[in-house]
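Input: a single structure, listed below in C-alpha cells.
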Amino acid sequence: MKLGFRSKIYLGFFSLLLIQGLVIFLWVSQVMKDSMLEEIKNRGVSIGVSLSARMVEPMLAMDFLRMKVLVDETVQLDNGIFYTFVLDEKGNPLIHTFKHGFPVELKTANTVQDGQKGSMQLLDTGDQLIFDYAVPVIINDNRLGTLRLGLFQTQAEKMVNKIMFTTIVTIIFAILMAGIVGTLLLKPVTKSIKKLHDSSEQALRGDLDVRTAPMLKKNCWDIMQCSQKECPAYENQCHRCWYMAGTLCTSCVEGEYAKRIDSCQQCQVYKQCSGDEIQSLAESFDAMTLSLKGNLSDLKTAESILNEQKALLQTILDAIPDFISLQDNEGCYVSVNRAFCEMLNKNKEEIIGKANGDLFSKTLAEMFNKEDKSILETRIPLVKENRVPGLKGLKWLHVVKIPVLETKNYVKGLVCSGRDITKLKAVQEQLTQSQKMESVGRLAAGVAHEINTPLGIILGYAQLLLEDVEKDGQMYEDVATIAKQTKLCSKIVVDLLNFSRSSQKNITKFNINEAIKEVLSMVEHTFSLNHVIVKHEYDKNPLLMQGDKEKLKQVFINLLNNAFDAIKENGSIFINSGFGKTQSEIKISISDTGCGISKDNIKKIFEPFYTTKGPDQGTGLGLSVTFGIIKEHNGTINVYSPPLSGKKEGNGTQFIVVLPTGLNMKKGELNG
2 MKLGFRSKIY LGFFSLLLIQ GLVIFLWVSQ VMKDSMLEEI KNRGVSIGVS
52 LSARMVEPML AMDFLRMKVL VDETVQLDNG IFYTFVLDEK GNPLIHTFKH
102 GFPVELKTAN TVQDGQKGSM QLLDTGDQLI FDYAVPVIIN DNRLGTLRLG
152 LFQTQAEKMV NKIMFTTIVT IIFAILMAGI VGTLLLKPVT KSIKKLHDSS
202 EQALRGDLDV RTAPMLKKNC WDIMQCSQKE CPAYENQCHR CWYMAGTLCT
252 SCVEGEYAKR IDSCQQCQVY KQCSGDEIQS LAESFDAMTL SLKGNLSDLK
302 TAESILNEQK ALLQTILDAI PDFISLQDNE GCYVSVNRAF CEMLNKNKEE
352 IIGKANGDLF SKTLAEMFNK EDKSILETRI PLVKENRVPG LKGLKWLHVV
402 KIPVLETKNY VKGLVCSGRD ITKLKAVQEQ LTQSQKMESV GRLAAGVAHE
452 INTPLGIILG YAQLLLEDVE KDGQMYEDVA TIAKQTKLCS KIVVDLLNFS
502 RSSQKNITKF NINEAIKEVL SMVEHTFSLN HVIVKHEYDK NPLLMQGDKE
552 KLKQVFINLL NNAFDAIKEN GSIFINSGFG KTQSEIKISI SDTGCGISKD
602 NIKKIFEPFY TTKGPDQGTG LGLSVTFGII KEHNGTINVY SPPLSGKKEG
652 NGTQFIVVLP TGLNMKKGEL NG
C-alpha cells in the first residue's frame, strides 16, 4: 500500500529526527569511549610509573618481602587492578599477586623496549578484557627489570554505558518533543493539501464546480459596501474577485488576471482576504476550474461546429468520382474519400495512419515516396499518368499532387487527386490501332501488288538457274544467295501484313548470338562494298532465350540497315551482346558512326510511316515493325544519339535492345 502525502511528511520528519539522534548518539559514544580509554591509559601509566620508582630500592637489595608488600598494597588500594608482578632484567618473574600461580603466558604478552617509557596492550583472558601496562624499572640508565600492571576494562565500560544511557534518553525525549511540535504545525498544511487533492480528482471526473478555498469572514461586497448585483463577483462565495474577469468595481483594471493582479494587490479586499501560500493555491485552483469550465463550453461548441463541417466535407468528397487523399509531411494518410478506398479495396480505417509502404507494392511505394519527398521539398505540384495494378488488371490513373502550405515557409502535407483513365486509354489505343491498321492495310495491298509479283519472277528465275549451274561452283552459291534473299524479301512483305493483324508465331529456344551471326553473314558483304566495317563483341556464354527467332532476326536486319543508311560509306558498326542487369534478360547494343538523329526526330522514329530518308528510299515502317516485334517479346528498345558509351567516330546513334530470356515460357506463348 502506498503512503499518503501526510504519512510521507510525518515519516520524513521523524526519519530526519531519528537520523539526527542516531548521528549524535554515535558521535557522543565514540567521544566517550575515546575519552575513557585515554583516562584508563593515563591512570595505568601513572600507577605503573609510581610503583616502578618505588621498586628500585627493594630490587637493588633483592628484598622480595618488601616488593611483595608494595604490589599487594597496590592491588588492594584499587579494585580496578587485576594483577601486578615484577620481572627481572632477563624476563623472569620476581614477585606477583596471583593466588594460583603465575601464568607463564603473561611474560611475553606485553614487552617494553629500552628507551620506551611504557607499553599498553589489551589482553583477552577468555573471561574478560584486561589493559596490561609494562613499565621499565630503571636507575641511572640501568634497567633492573620490568613492572607489569593489569587493569580491568569492566569499570570503564560501566561508566561509558551509564553516559550512553543518559544520552539515549535525552535524544528520545528531544525527538518526541520535536515530533509533537511538528505534528501540530503540519496538520493544517496536510489537511489543506488533502482537500486540494480531493478537489482535483473531482475536477478530473468532470465536476468543475468544486470549492477548495476556505470561506472568508468578509466578502468583497461587504468590504466595499457594493450593491451592484450584476457584477459577476457579487454574492459569489466560491471564487475570489481578483481572479474574475468583468468585475464592476471602479478600482479594478479591465482584462484577465495577468493584467489586473498588480492593481488588485493594492485593493482593501485583497489585503484583508488574501492568505498564505496554501490558501492562495486553493483560490488559484478554484479560479482555474472556473476558467476551464468556460473554455470547455466554448470548445464543445466549436467541436460540434467542426464535426458538422467535417461530415459535410466528407460527404462532398465521397460524392466525387475522383479519388482524393490527404497526407501529412511524414507521408502518413490523414484523410481519404470513398473512391480512394474502393481503388485500394480497403475501408477507411485500414488506410488512415498508414504510409505508402503499407498500402502499395514495394516498387510503387518507393516511386510514390520519391515523388512525395520532391513535392514537399520543392513545393512544385506534380501532374502525371500512373500505371498501377488493380483488381481487374492494370489501370491508368491521371494523378495531380499539390503541396499544402500551412504558412509561407512550412509545408503541412500534400493533397493527391486522381482519375481512372483506363477506359480513355483503351479508346485511344483502339483509335491509334485502327488508324494504323487502316494505313498499313492500304500500304500492304499496294506492296503485295507491286513487290510480290517481281519477287516471284526473281525467285522463279533464280530457281531455274540453280537447276542449270553446277552445284559445286561459285555461281551456284551466288544464285542460291539471290534465291534466299528473295525469299527473305517475301517474308518482309508478310511481316508488313502482320503489322496490322495477328499472325502465327513460331516460338523456339535459340542462342541470340547465333541469330546475330546469321544476320551478319547476309549483310557484311554488302556493307563492305561501301567500306562499312561491322565489329562485334559477344558474351562468352551462350545467350539462350525463348522467342520467335525469325522475327528477332528481322529486328537486327532493320537496325543494321538503318545504321548502314546513316553511315552511307566509310564507317563502322559496333554490335555488343551480353546479359542485362540480371541473368534473366539479354542486352544487345548496335551503334554506328553515322550522322546521328536530332532530339526532335528521336521522339518520332518509332511512329509508323515516319522517315527522314528521301523519296523512294524508305517507307518509315522498319523501326515500327522492330518496335512491335520487341514489344511482342516483352522487351524494350531505347535510342541514344550520340551513343552512351564507347569510343565512336562522329555523332552516331546507339540502339539498346533488352529482351527477357523467357526460358520458363511454354511453346506458343508470346504477348500479342
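Heads up: the sequence shown is residues 2 to 673, going by my numbering.
Note that the Cβ used here is the ideal one computed from N, Cα and C, for glycine as well.
On a predicted model such as this, the values are computed, not experimentally measured, just so you know.
{"query": "Among LEU398, LYS374 and ARG144, the one whose alpha carbon lies nearest that of VAL384", "result": "LEU398"}
{"query": "Residue closest to LEU530, alpha-carbon to alpha-carbon, out of ASP359, VAL640, VAL401 and SER573", "result": "SER573"}
{"query": "C-alpha gap between ARG144 and PRO137, whole angstroms", "result": "7 Å"}
{"query": "Strand pairing of ASN143, partner residues [DSSP]", "result": "ILE140"}
{"query": "Those runs of the beta strand (DSSP E) which lie wholly inside the region 87-170 and span at least 3 residues", "result": "94-97, 120-125, 130-140 and 143-153"}
{"query": "Own chain partners of ILE176 with C-beta closer than 6 Å, once the 5 adjacent residues on each side are dropped", "result": "LEU18 and GLY22"}
{"query": "Beta-carbon contacts of LYS554 that lie in its chain and below 7 Å, excluding the five residues immediately before and after", "result": "ALA516, GLU519 and VAL520"}
{"query": "Sub-9 Å separation of LEU460 and THR487 beta-carbons", "result": "yes"}
{"query": "DSSP-derived helix/strand/coil call for ILE381", "result": "coil"}
{"query": "The region 565-581 in contact with the region 591-608 per 3-pair CB rule at 8 Å", "result": "yes"}
{"query": "Where the beta strand (DSSP E) through LEU327 begins and ends", "result": "324-329"}
{"query": "Alpha-carbon spacing of ALA567 relative to GLY595, whole angstroms", "result": "5 Å"}
{"query": "Best match in LYS192, LYS550 and GLY579 for proximity to GLU538 [C-alpha to C-alpha]", "result": "GLY579"}
{"query": "Burial state of SER193 (16 or more Cβ within 10 Å)", "result": "buried"}
{"query": "Rounded C-alpha distance that separates ASP25 from ILE172", "result": "In the sequence as presented, Asp is not what sits at residue 25; that position holds Ile. Answer to the nearest angstrom: the Cα atoms are 8 Å apart."}
{"query": "Beta-bridge partners of ARG420, as assigned by DSSP", "result": "HIS399"}
{"query": "Alpha-carbon spacing of GLU608 relative to LYS552, whole angstroms", "result": "19 Å"}
{"query": "With 16 other Cβ atoms within 10 Å as the buried cut-off, status of ASP142", "result": "exposed"}
{"query": "Contact the region 621-635 vs the region 600-607: 3+ CB pairs below 8 Å", "result": "yes"}
{"query": "Distance cut-off 8 Å: PHE26 Cβ against heavy atoms of the ligand HEM", "result": "Within the structure as shown, the ligand HEM is missing, as the structure has no ligands at all."}
{"query": "Spatial neighbours of PRO94 in its chain, beta-carbon cut-off 6 Å, leaving aside the 5 residues before and after", "result": "PHE86, LEU88 and PHE103"}
{"query": "Identity of the residues DSSP links to LYS588 by a beta bridge", "result": "GLY579 and VAL659"}
{"query": "Other residues of its chain near LYS413: CB distance less than 8 Å, five sequence neighbours each side excluded", "result": "ASP329, ASN330, VAL405, LEU406 and GLU407"}
{"query": "LYS42 versus PHE14: straight-line alpha-carbon distance, rounded", "result": "42 Å"}
{"query": "For LEU456 and ASN462, the rounded distance between their alpha carbons", "result": "Sequence check: residue 462 is Tyr here, not Asn. Approximately 10 Å, taken between the alpha carbons."}
{"query": "Validate contact between the region 124-133 and the region 152-170 using beta carbons, cut 8 Å, 3 pairs", "result": "yes"}
{"query": "Strand pairing of GLN547, partner residues [DSSP]", "result": "LYS510"}
{"query": "Within 9 Å, strictly: CB atoms of PHE511 and LEU467", "result": "no"}
{"query": "C-beta atoms of LEU187 and ILE48 nearer than 9 Å", "result": "no"}
{"query": "Pairwise C-alpha distance: SER418 and GLY653", "result": "43 Å"}
{"query": "CB-CB length for GLU58 against GLY146, believed under 8 Å", "result": "Not quite, the Cβ-Cβ distance comes to about 13 Å (not below 8 Å), so this is no contact."}
{"query": "LYS600 to LEU345 span [Cα, whole Å]", "result": "39 Å"}
{"query": "Simplified DSSP assignment, three categories, for LEU71", "result": "helix"}
{"query": "Span of the alpha helix (DSSP H), counted from its first residue to its last, around ILE321", "result": "Here ILE321 belongs to no alpha helix (DSSP H), and DSSP marks it neither H nor E."}
{"query": "Buried versus exposed, by CB contacts within 10 Å (16 or more), ASN542", "result": "exposed"}
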